[in-house]
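S.K.: Chains as they are written, first to last, in the working numbering: chain A, 68 to 313; chain B, 68 to 313.
Take a look at the following structure, please.
Protein chains: 2
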Amino acid sequence: MPFIDHRSVIPLYYQLAQILREQIRTTELPAGQLLPSERELMNTYDLSRNTVRQALDLLAREGLIVREHGHGTYVSNLSNSFHYMMDTFYENRDLLKRAGYTPTVKQISSQRLIPPEVVRQALRLEPQVETLCHTMIFFADDRPAMYTQDFLPLALAGEYDLSLEGEGFMRYLDRASGVRVEYVLVDISPVEAAGEVAHAFSCPVGKPLLLMKETFLDGAQNRAVCFSLNYFNQEVLNFRLLTRRG
Amino acid sequence: MPFIDHRSVIPLYYQLAQILREQIRTTELPAGQLLPSERELMNTYDLSRNTVRQALDLLAREGLIVREHGHGTYVSNLSNSFHYMMDTFYENRDLLKRAGYTPTVKQISSQRLIPPEVVRQALRLEPQVETLCHTMIFFADDRPAMYTQDFLPLALAGEYDLSLEGEGFMRYLDRASGVRVEYVLVDISPVEAAGEVAHAFSCPVGKPLLLMKETFLDGAQNRAVCFSLNYFNQEVLNFRLLTRRG
DNA sequence: GAGTGGTCTAGACCACTTC
DNA sequence: AAGTGGTCTAGACCACTCG
Numbered sequence: 068m069p070f071i072d073h074r075s076v077i078p079l080y081y082q083l084a085q086i087l088r089e090q091i092r093t094t095e096l097p098a099g100q101l102l103p104s105e106r107e108l109m110n111t112y113d114l115s116r117n118t119v120r121q122a123l124d125l126l127a128r129e130g131l132i133v134r135e136h137g138h139g140t141y142v143s144n145l146s147n148s149f150h151y152m153m154d155t156f157y158e159n160r161d162l163l164k165r166a167g168y169t170p171t172v173k174q175i176s177s178q179r180l181i182p183p184e185v186v187r188q189a190l191r192l193e194p195q196v197e198t199l200c201h202t203m204i205f206f207a208d209d210r211p212a213m214y215t216q217d218f219l220p221l222a223l224a225g226e227y228d229l230s231l232e233g234e235g236f237m238r239y240l241d242r243a244s245g246v247r248v249e250y251v252l253v254d255i256s257p258v259e260a261a262g263e264v265a266h267a268f269s270c271p272v273g274k275p276l277l278l279m280k281e282t283f284l285d286g287a288q289n290r291a292v293c294f295s296l297n298y299f300n301q302e303v304l305n306f307r308l309l310t311r312r313g
Numbered sequence: 068m069p070f071i072d073h074r075s076v077i078p079l080y081y082q083l084a085q086i087l088r089e090q091i092r093t094t095e096l097p098a099g100q101l102l103p104s105e106r107e108l109m110n111t112y113d114l115s116r117n118t119v120r121q122a123l124d125l126l127a128r129e130g131l132i133v134r135e136h137g138h139g140t141y142v143s144n145l146s147n148s149f150h151y152m153m154d155t156f157y158e159n160r161d162l163l164k165r166a167g168y169t170p171t172v173k174q175i176s177s178q179r180l181i182p183p184e185v186v187r188q189a190l191r192l193e194p195q196v197e198t199l200c201h202t203m204i205f206f207a208d209d210r211p212a213m214y215t216q217d218f219l220p221l222a223l224a225g226e227y228d229l230s231l232e233g234e235g236f237m238r239y240l241d242r243a244s245g246v247r248v249e250y251v252l253v254d255i256s257p258v259e260a261a262g263e264v265a266h267a268f269s270c271p272v273g274k275p276l277l278l279m280k281e282t283f284l285d286g287a288q289n290r291a292v293c294f295s296l297n298y299f300n301q302e303v304l305n306f307r308l309l310t311r312r313g
């Protein structure tokens, strides 16, 4: 297996990617393990550095490996637990802008509370530990589009002011947490509208809504910085993906 | 604007990508327009071919441009209409495998009918034109995970046999349509379980479900080859995305 | 056959991390 | 200072499309 056929019609970078994928799958390269450096892979498989990088680019885009400048490349921790990998994550505000709307934000509340179980697990908090909970509504051209609750560990409990147009939420997290948010894990599920959300969207209780549970992760995919619940108003905003063939 | 600062700290490939992005945004490069060839861009901006390709790779991954081997690179038709771009699309069967299940498929029915409006629009069919409709259920370790309806234009009405383990749906489409499916447009929405779907999942009518409407497109994103409705059973399968920061 | 994008090489310098 | 990944160049050959 760990062989590259230099005369094959299969591109060399693809063969290398396949070899590494296989080693990750069989945990010959376990999660967290440092890969050989690019120059080592060059020599081992008799490839140029660009070709090695092309292979690693592929795996990085698939979320299988994580690169760290000046340090090395290692196997991702999430390698087998997700279904899809997206290229870019957008802030809620940017999402609305891209959809052609003018976004505005209304802050509903900001309080300390013991978070729901799902939040506790995502942030790996001890039971009964409080978090800060920001609740707000994003409007698209004055129609309510998203109902959002952000749960921040108290260590990050800064004075995040959403009325600040300039700074996005992720840049705020960078600053407050001291960790750069690089990935966002998104769980998409359908729920029934209820309580405050139904009220915010002026829709009947029980109407199906899209709920996106977002976990903000650092570059190593190890540390969860923040957790967020986002309810989408389907009347205003569709959730659409363009995917490329695998 | 259309200038590259070779002494800037901003990478050259990123500057070029930004220039092209801007030209696409302002429709100076309108949808469908051929871009200058890579060698032309090389000369125009005084960059090496690899650097030009790095910029184009970025835009292609964002879905802004489409490349055609031997022909050229042009501005995508969908450039502004989607929210997210994913790297890879998986067949339903592969999706279940990746989630760690053993997939099986049960064909429910296969009939000619006049499709719902949403299908007609996606496939750009005239009113009253019939399509073939395959209905099936995908099981994950014998639990019903997805309820799927594929709508195929009659021209593609082959004898697609899902029991064939070897061939996936997209490869079938390639063969039957004579067009290689390169992109899948996915619309995600929450709906209430009803009728056959509720029955298949043994869940109460009215329970929120995830519905994914998939449109299969060729490489030019011009031709819709097939349309598919996929209902997800949340009890079995979560829909999860790992996204990278933009 | 001319032009295109796809792949590949051998080299180079840089910024970053670690020791 | 040594090693890492990030960027960049100049050149090459290939497979593909089109006239």
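The beta-carbon is built from N, C-alpha and C at its ideal position, and this holds for glycine as well.
1. Are B/Thr-171 and B/Phe-218 closer than 8 Å when you measure CB to CB?
2. Just the C-alpha distance for B/Pro-194 and A/Cys-200, rounded to the nearest angstrom, thanks.
3. Label B/Ser-143 either buried or exposed according to how many other C-beta atoms from any shown protein chain fall within 10 Å of its C-beta, with 16 as the threshold for buried.
4. Quick one, are the C-beta atoms of A/Arg-160 and A/Gly-235 less than 8 Å apart?
5. List the residues of chain A that B/Tyr-112 touches, going by C-beta distances under 9 Å, in chain order.
6. Short of 8 Å Cβ to Cβ, which residues in the segment 248 to 269 of chain A face chain B?
7. Answer yes or no: do B/Arg-238 and B/Gly-286 have a C-beta to C-beta separation smaller than 8 Å?
8. Can you pull the chain B residues whose beta carbon is under 9 Å from the beta carbon of A/Ala-159, in chain order?
9. Output yes if chain A places a C-beta closer than 8 Å to the C-beta of B/Phe-156; else output no.
10. Would you please verify whether the beta carbon of B/Gly-245 is less than 8 Å from any beta carbon of chain A?
11. State the start and end residues of the unbroken beta strand (DSSP E) segment that holds A/Ile-255.
12. How about B/Asp-208: is its Cβ closer than 7 Å to a heavy atom in the ligand GTP?
13. Starting from B/Lys-315, follow the alpha helix (DSSP H) in both directions and report where the run begins and ends.
14. Name the chain B residues that come within less than 7 Å of A/Pro-275, Cβ to Cβ?
15. Using a Cβ-Cβ distance cut-off of 8 Å, determine whether A/Arg-120 contacts chain B.
16. Look at the alpha carbon of A/Pro-97 and the alpha carbon of A/Met-153, and state the distance between them as a whole number of angstroms.
17. What residue range does the alpha helix (DSSP H) around B/Arg-120 cover?
18. I'd like to know whether the C-beta of A/Arg-242 is nearer than 8 Å to at least one C-beta of chain B.
19. Rounded to a whole number of angstroms, what is the C-alpha to C-alpha distance between A/Ala-166 and B/Thr-118?
20. With distance defined between alpha-carbon atoms, name the residue in B/Asp-113, B/Gly-262, B/Arg-106 and B/Arg-92 nearest to B/Arg-74.
21. So the candidates are B/Val-303, B/Ala-212 and B/Tyr-298; which of them puts its Cα closest to the Cα of B/Lys-57?
22. Cα-Cα, which of B/Pro-183, B/Glu-107, B/Asn-305 and B/Ile-204 is closest to B/Val-196?
23. How would you call B/Ile-181, buried or exposed, if buried means at least 16 neighbouring beta carbons within 10 angstroms?
24. Am I right that B/Ala-267 and B/Pro-211 are in contact with their C-beta atoms under 8 Å? What's the rounded C-beta distance?
25. Taking only beta-carbon atoms, is B/Phe-306 less than 8 Å away from chain A?
26. Would you kindly work out how many angstroms separate the C-alpha atoms of B/Leu-231 and B/Lys-173, rounded to a whole number?
27. When burial is assigned at 16 or more other CB atoms within 10 Å of the CB, is A/Asn-110 buried or exposed?
M.R.: In terms of the structure at hand:
1. No, the Cβ-Cβ distance between B/Thr-171 and B/Phe-218 is not below 8 Å.
2. So the two alpha carbons sit approximately 51 Å from each other.
3. A residue is called buried when at least 16 other Cβ atoms come within 10 angstroms of its Cβ; B/Ser-143 meets this threshold and is buried.
4. For A/Arg-160 and A/Gly-235, yes; Cβs fall inside 8 Å.
5. Within chain A, no residue comes near B/Tyr-112; the closest Cβ sits about 20 Å away, beyond 9 Å.
6. Taking 8 Å as the cut-off between beta carbons, the residues of the segment 248 to 269 of chain A near chain B are Val-248, Glu-249, Tyr-250, Val-251, Leu-252, Val-253, Asp-254, Ile-255, Ser-256, Pro-257, Val-258 and Glu-259, in sequence order.
7. Taking 8 Å as the Cβ cut-off, B/Arg-238 and B/Gly-286 do not qualify as a contacting pair.
8. Position check: residue 159 of chain A holds Asn in this sequence, whereas Ala was assumed. In chain order: nothing, as chain B lies at least about 11 Å away.
9. yes
10. no
11. 248 to 259
12. Absence of the ligand GTP is noted for the structure shown, with no ligands found whatsoever.
13. There is simply no residue 315 of chain B to check, as chain B begins at 68 and stops at 313 in what is shown.
14. The contacting residues are Pro-257, Val-258, Glu-259 and Pro-275.
15. no
16. Roughly 23 Å between the two C-alpha positions.
17. Bounds of the alpha helix (DSSP H) holding B/Arg-120 are 116 to 128.
18. no
19. 31 Å
20. B/Asp-113
21. Given a span of 68 to 313 for chain B in the structure shown, any question on residue 57 of chain B remains unanswerable.
22. B/Pro-183
23. By the neighbour-count definition (other C-beta atoms within 10 Å, threshold 16), B/Ile-181 is an exposed residue.
24. About 5 Å separates the two Cβ atoms, so the contact holds.
25. yes
26. Only weak support exists for where B/Leu-231 lies, its pLDDT of 48 falling under 50; the value from the coordinates is given anyway. C-alpha of B/Leu-231 to C-alpha of B/Lys-173: approximately 12 Å in a straight line.
27. exposed
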